[in-house]
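Protein sequence lines correspond, in order, to chains A and B. Position 2 (the first sequence) corresponds to 2 in our numbering; numbering is contiguous. Position 180 (the second sequence) corresponds to 180 in our numbering; numbering is contiguous. No residue lacks a Cβ here, since even glycine has one placed at the ideal position from N, Cα and C.
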Amino acid sequence: MPELKRIVLDVLKPHQPNVLDLAAAIAALGADYRVSIDVIEVDEKTETVAVEVDGERLDFGRIERSIRELGGTVHSIDKVLMAGDTASGD
Amino acid sequence: MIVDRLPDVLVPEPSPRFLLLIRRSSAIARRYLVTNGFDGTLTMLGLIMGFRTVGQVPIQVALTACTGAAVALAVSGISSAYVSERAERQRELAALQQAMLDGLDDSAHAHTARWAPVFIALVNGLAPFLLAQIVMLPLWLARFGTKLPISPYDLAIGVAFLLIMLLGLFSGRISGVSWLWSGLRTLLIGMVTAAIIYLLSP
Chain A
1 MPELKRIVLD
11 VLKPHQPNVL
21 DLAAAIAALG
31 ADYRVSIDVI
41 EVDEKTETVA
51 VEVDGERLDF
61 GRIERSIREL
71 GGTVHSIDKV
81 LMAGDTASGD
Chain B
1 MIVDRLPDVL
11 VPEPSPRFLL
21 LIRRSSAIAR
31 RYLVTNGFDG
41 TLTMLGLIMG
51 FRTVGQVPIQ
61 VALTACTGAA
71 VALAVSGISS
81 AYVSERAERQ
91 RELAALQQAM
101 LDGLDDSAHA
111 HTARWAPVFI
121 ALVNGLAPFL
131 LAQIVMLPLW
141 LARFGTKLPI
151 SPYDLAIGVA
161 FLLIMLLGLF
171 SGRISGVSWL
181 WSGLRTLLIG
191 MVTAAIIYLL
201 SP
């Protein structure tokens, strides 16, 4: 089964919790999760950020739930990197 | 801080919901702790000054009056803070939902809007109640037969002045100004209050 290795999300979020909290919450989902966040645009009450998550086997559902719990909304999935399973692919 | 030195196993990672709740509530709860704590202590000072000035008031009567005032302050503090904070938090949440163009029902923000008023209301109500109990402690000790070196009323007045000064020190520490000056200023307010009560007593 193909596994998600990298995903880039366009997220709208309130200013608080800040990007450090958001990154920490996503990184806490797995020991191998690496999170990078770029702030794209800052408005009066919200900000748009690009969330990039790398890992061996990412769980998109849990990442999205974590973002929602912190008040954010995933607007779009801008990039994914999937790796196929060689054992089942032949 | 002691918490910083505890092993990780005893201090689980606080959830984002809890962190947001604390961040959004601690400043205002601290403010309420000082203002309503000051109210409670000054009210007890006024009552006990009154009993002392009249003289020969049975401890039981003084305790009943002080307890009644402390309970009234607690109930007033809890209810008023809850009503006003809840309205404020709901308004903030609605404004944020409008900016997000989405509901925030399961988010830390909704959790904060629900629980911050409860936390703040408890601080606002319990601060005057607990500080009043500390001021009343000499009266309780006398009531249960403990021999005190001076009159329980005088001792309670001394405790009230001490608490008033400590609240001043605490607020000075928060604001970053001279804590000693802040403590002396609140102590002066307490002494002026006591002088007015003394002058107005028949």
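- At the C-beta level, R89 (chain B) and T112 (chain B) come within 9 Å of one another.
- Around I134 (chain B), the same chain offers V159, L163 as residues with beta carbons nearer than 7 Å, after the five sequence neighbours per side are excluded.
- Secondary structure at I196 (chain B): helix, using DSSP grouped into helix, strand and coil.
- By the Cβ-count criterion, E69 (chain A) is buried, with 16 or more other Cβ atoms from all chains shown falling within 10 Å of its own Cβ.
- Contacts between L104 (chain B) and chain A, judged by CB atoms closer than 7 Å, involve G71 in chain order.
- Under the three-state reduction of DSSP, D106 (chain B) is assigned to coil, being neither helix nor strand.
- The beta carbon of P152 (chain B) lies closer than 6 Å to those of P138, L139, A142 in the same chain, with the five residues before and after it left out.
- Closer than 9 Å at the C-beta level to chain A, one finds these residues of the region 83–102 of chain B: A95, L96, Q98, A99, M100, L101, D102.
- Partner residues in the beta bridge of K79 (chain A), as assigned by DSSP, are A:V8.
- Distance from the Cα of G103 (chain B) is smallest, within the candidate group A:D54, A:G72, A:D21, A:A24, for A:G72.
- Neighbours of R68 (chain A) across chain B, judged by C-beta separation under 7 Å: D106, S107.
- The Cβ of R114 (chain B) sits no closer than 9 Å to any Cβ of chain A.
- Under the 9 Å criterion on CB atoms, R23 (chain B) is classed as interfacial with respect to chain A.
- Residue-level contact check: E64 (chain A) does not touch chain B, since none of the beta carbons of chain B fall below 9 Å from its beta carbon.
- Taken in chain order, the complete beta strand (DSSP E) segments of 3 residues or longer contained in the region 24–76 of chain A are 34–42, 46–54.
- I67 (chain A) sits away from I7 (chain A), with the two beta carbons spaced by 9 Å or more.
- Partner residues in a beta bridge of P2 (chain A), as assigned by DSSP, do not exist.
- At the C-beta level, V19 (chain A) and V49 (chain A) come within 9 Å of one another.
- No Cβ-Cβ contact shorter than 9 Å links T46 (chain A) with P17 (chain A).
- Counting every other CB atom within 10 Å of its CB across the protein chains shown gives E44 (chain A) a total below 16, marking it as exposed.
- With respect to chain B, the C-beta atom of L12 (chain A) has a partner C-beta closer than 9 Å.
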